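**Student:** 2 is the number of the first residue of the sequence shown in our numbering; add one for each residue after it.
Glycine is no exception: its CB is placed at the ideal position from the N, C-alpha and C atoms.
Nothing here was measured: the structure is a model prediction, and the numbers come from that model.
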Amino acid sequence: MISEASRPYIDASVPVLREHGPTITKRFYADMLGTHPQLTRLFNMGNQAQGVQQQSLAAAVFAYAANIGNPEALGPVVKRIVHKHVSVGLRAEHYPIVGHHLLKAIAETLGDAATAPLMDAWKEAYGSLARLLIAAEAELYGTAGIQPGETRPLRVTETKQESANVLSIRMVADDDRPLPPFQPGQYVSVAVDLPGGRHQLRQYSLSDAPGTGSLRISVKREDASAAAPAGEVSNWLHANVAVGSVLQVSHPFGEFTPDTESDQPLVLLSAGIGITPMVATLHRIARVRPQRRVLFAHAARDRAHHALGAEVDALRATMPNLSVVNFYEDAAGADGVLEGRMDVARLPSWAREETDVYLCGPGKFMQAQWLALLHAGVPAARLHREVFGPELLDHLL
Ligand SMILES: Cc1cc2nc3c(=O)[nH]c(=O)nc-3n(C[C@H](O)[C@H](O)[C@H](O)COP(=O)(O)OP(=O)(O)OC[C@H]3O[C@@H](n4cnc5c(N)ncnc54)[C@H](O)[C@@H]3O)c2cc1C
Ligand code: HEM
Numbered sequence: 002m003i004s005e006a007s008r009p010y011i012d013a014s015v016p017v018l019r020e021h022g023p024t025i026t027k028r029f030y031a032d033m034l035g036t037h038p039q040l041t042r043l044f045n046m047g048n049q050a051q052g053v054q055q056q057s058l059a060a061a062v063f064a065y066a067a068n069i070g071n072p073e074a075l076g077p078v079v080k081r082i083v084h085k086h087v088s089v090g091l092r093a094e095h096y097p098i099v100g101h102h103l104l105k106a107i108a109e110t111l112g113d114a115a116t117a118p119l120m121d122a123w124k125e126a127y128g129s130l131a132r133l134l135i136a137a138e139a140e141l142y143g144t145a146g147i148q149p150g151e152t153r154p155l156r157v158t159e160t161k162q163e164s165a166n167v168l169s170i171r172m173v174a175d176d177d178r179p180l181p182p183f184q185p186g187q188y189v190s191v192a193v194d195l196p197g198g199r200h201q202l203r204q205y206s207l208s209d210a211p212g213t214g215s216l217r218i219s220v221k222r223e224d225a226s227a228a229a230p231a232g233e234v235s236n237w238l239h240a241n242v243a244v245g246s247v248l249q250v251s252h253p254f255g256e257f258t259p260d261t262e263s264d265q266p267l268v269l270l271s272a273g274i275g276i277t278p279m280v281a282t283l284h285r286i287a288r289v290r291p292q293r294r295v296l297f298a299h300a301a302r303d304r305a306h307h308a309l310g311a312e313v314d315a316l317r318a319t320m321p322n323l324s325v326v327n328f329y330e331d332a333a334g335a336d337g338v339l340e341g342r343m344d345v346a347r348l349p350s351w352a353r354e355e356t357d358v359y360l361c362g363p364g365k366f367m368q369a370q371w372l373a374l375l376h377a378g379v380p381a382a383r384l385h386r387e388v389f390g391p392e393l394l395d396h397l398l
């Protein structure tokens with residue numbers, strides 16, 4: 002919460018800062034990473050190259066300011082940030098560094114308009130948000146029983162090509178400690194040392210249920226296109242990981258966790274590599290609630306690009322109330338699938354008001370399904386989503 006004295010300055014400057022948001026954060030990152038190059042270890046430089054992380058942090062700070070006094074709007078956003086921060090090993094001492102460079106970038110962008118009372122108000126707002134995040138992150142580290150930045154060596158016991166461009170990697174502990182517990186839907190950060198000595202972290206959802214004595218991730222290789230270079234870490238993993246490799250992996254985190262233990266019907270909708278948290282969820286339900294009514298719908302480009310589909314099909318044998326619907330954009334030669342993109346109207350009907358719907362897939366898929374589901378009568382409170390990149394927070398602004 003910020004003081005009454007600061008509030009008018011924040012209220013008056015939010016629209017201006019929002020307009021300059023991308024400029025401010027581009028400046029902020031260039032300045033901060035130039036002064037503290039060791040922080041590039043923490044940041045996803047692929048996101049930096051595309052500018053999405055800049056938008057995300059800017060949006061978070063301005064969303065916070067715009068919603069001061071409205072904690073309901075911010076609660077879920079803060080939870081997501083906290084889980085992401087903890088999975089990359091953020092420490093309390095990082096906050097003053099970010100605060101210093103962010104305020105400097107705001108002052109430089111606003112020029113003469115950056116008066117002392119205005120800058121004091123932003124210092125206070127940043128400080129208040131930082132304290133909230135630091136406390137929540139300390140609590141999450143405590144619950145997980147780990148130190149910030151701690152990773153574990155995990156040994157690869159199996160690799161499996163699941164589709165034209167998805168590789169599953171199964172890992173066990175490479176030390177004496179048991180594997181950490183996790184909930185289906187959660188992800189780990191995998192740390193790799195790239196050629197040239199660069200260290201990078203990426204998140205991968207766990208694609209099998211807990212309790213197997215191993216952790217499995219399924220990684221889509223991001224190929225180069227005319228517009229963009231090949232993804233660094235996914236290609237590195239595909240090219241370098243083999244049975245016996247040891248990877249440095251974080252504790253599992255994430256708040257996209259469908260309730261697997263309940264008897265209530267559930268709808269899981271995914272596209273492309275967004276199938277990973279859904280498969281983990283389905284495996285757990287198959288083990289603890291095999292009678293549960295579950296609609297599992299997935300969209301893939303074609304059969305060759307449909308990862309983990311055979312595993313989902315196999316669960317039909319033990320889950321009598323599981324409906325599986327697959328959409329292929331190119332269905333040539335594939336039986337039992339619907340041609341085209343996922344279309345809510347072509348799915349078996351469910352009790353819209355009472356059923357939780359979980360979504361994971363590329364941005365365009367998420368946007369299209371989110372709108373279609375609202376239109377079909379699913380209340381927003383029943384919709385849950387995971388974005389495989391920084392979540393954009395424009396909806397709060
Ligand atoms: C919570 C969460 C869960 C996830 N779960 C999974 C999972 O289960 N499986 C999975 O495969 N992935 C998952 N991801 C995504 C994963 O973390 C990585 O983002 C993904 O593997 C790509 O990383 P990369 O290093 O290969 O690509 P990067 O090098 O980070 O590049 C990412 C994209 O940006 C483009 N790009 C890079 N530089 C530029 C540039 N200069 N201009 C334009 N475009 C550029 C690349 O072409 C690529 O498409 C998850 C992400 C999150 C946040
Ligand atoms: C009040 C301060 C901060 C706010 C509001 C904030 C906000 C955010 C947001 C919105 C995300 C994206 C979350 C998602 O959707 O996945 C994020 C991720 C991240 N933040 Fe922060 N952050 C703050 C402070 C910091 C600090 C102090 C650091 C450390 C230097 C930091 C490092 C990171 C990193 C490394 C990621 C993941 C980036 C990626 O993978 O691209 N943040 N933060």
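Leu-339 to Gly-146, Cα distance in whole Å?
**Tutor:** Rounded to whole angstroms, Leu-339 to Gly-146 spans 46 angstroms at the Cα level.
**Student:** Please state the DSSP three-state secondary structure of Ser-263.
**Tutor:** Three-state result, Ser-263: coil.
**Student:** Quick one, which of Ala-192, Asp-357 and Arg-386 has its alpha-carbon nearest Val-379's?
**Tutor:** That would be Asp-357, whose Cα lies nearest to the Cα of Val-379.
**Student:** Identify the residues that DSSP records as bridge partners of Thr-431: which are they?
**Tutor:** Given a span of 2 to 398 for the chain in the structure shown, any question on residue 431 remains unanswerable.
**Student:** Along the beta strand (DSSP E) that carries Gln-249, what are the first and last residues, could you check?
**Tutor:** Looking at the DSSP string, the run of the beta strand (DSSP E) that includes Gln-249 is 247-250.
**Student:** DSSP state of His-307, grouped into three classes?
**Tutor:** Looking at His-307 - three-state DSSP - the assignment turns out to be coil, as it is neither helix nor strand.
**Student:** Under the three-state reduction of DSSP, which class applies to Ser-190: helix, strand or coil?
**Tutor:** In this structure, Ser-190 counts as strand in the three-state DSSP scheme.
**Student:** Give the single residue among Gly-76, Ala-136 and Ile-274 whose Cα lies nearest to the Cα of Ser-169.
**Tutor:** Among Gly-76, Ala-136 and Ile-274, the Cα nearest to that of Ser-169 belongs to Ile-274.
**Student:** So, using beta-carbon positions, are Val-62 and Tyr-10 closer together than 8 angstroms?
**Tutor:** Not closer than 8 angstroms, so no.
**Student:** Would you call the stretch 365-383 and the stretch 279-290 in contact, with 3 or more CB pairs under 8 angstroms?
**Tutor:** Touching, no.
**Student:** Who pairs with Phe-328 in a beta bridge, going by DSSP?
**Tutor:** Phe-328 pairs with Ala-300 and Leu-339.
**Student:** When DSSP labels each residue in this structure, what does Ala-376 get in the three-state scheme?
**Tutor:** For the sequence presented, residue 376 should be read as His rather than Ala. Three-state result, His-376: helix.
**Student:** Please name the residue, chosen from His-21, Leu-91, Ala-114 and Ile-107, that lies closest to Ala-139 on a Cα-to-Cα basis.
**Tutor:** Answer by Cα proximity: Leu-91.
**Student:** Sort out for me which residues DSSP pairs Ala-6 with in a bridge.
**Tutor:** The partner list for Ala-6 (beta bridge, DSSP) is empty, contrary to what the question assumes.
**Student:** Please classify Arg-290: does DSSP put it in a helix, a strand, or coil?
**Tutor:** It is coil, neither helix nor strand.
**Student:** Assuming the contact rule is C-beta atoms closer than 8 angstroms, Pro-181 and His-252 should be a hit. Round their C-beta distance to whole Å, please.
**Tutor:** Correct: roughly 5 angstroms between the Cβ atoms.
**Student:** What three-state label does DSSP hand Gln-184 in the structure shown?
**Tutor:** Residue state, collapsed to three classes: coil.
**Student:** Compare the Cα-Cα distances from Gln-204 to each of Phe-29, Glu-5 and Leu-238 and report the closest residue.
**Tutor:** Looking at the Cα atoms, Leu-238 is the closest of the given residues.
**Student:** Given Arg-149, which residues of its chain have a CB within under 7 angstroms of its CB, disregarding the five upstream and five downstream residues?
**Tutor:** Note that residue 149 is Pro in the sequence shown, not Arg. Result list for Pro-149: Gly-90, Leu-91, Arg-92 and Tyr-142, in chain order.
**Student:** Quick check on this structure: which residue in Met-343, Ala-115, Glu-355 and Leu-316 has the alpha carbon closest to the alpha carbon of Pro-373?
**Tutor:** Position check: residue 373 holds Ala in this sequence, whereas Pro was assumed. Residue Met-343 is the option with its Cα nearest to Ala-373.
**Student:** Which same chain residues end up closer than 6 angstroms to Arg-294 when comparing Cβ atoms and leaving out the 5 residues on each side of it in sequence?
**Tutor:** Pro-266 and Asn-322, listed in sequence order.
**Student:** Looking only at its own chain, which residues have a Cβ that is under 7 angstroms from the Cβ of Gly-341, when we skip the five neighbours before and after it?
**Tutor:** Counting only Cβ-Cβ distances below 7 angstroms, and skipping sequence neighbours, we find Phe-328 and Glu-330.
**Student:** Have a look at the DSSP bridge pairing and note the partners of Gln-204.
**Tutor:** Ser-190.
**Student:** Following a CB-centred definition, is Glu-233 positioned closer than 7 angstroms to any heavy atom of ligand 1?
**Tutor:** Yes.
**Student:** Return helix, strand or coil for Glu-94, following the three-state DSSP convention.
**Tutor:** It is coil, neither helix nor strand.
**Student:** Does the distance from the CB of Leu-202 to the CB of Asn-48 come in under 8 angstroms?
**Tutor:** Not closer than 8 angstroms, so no.
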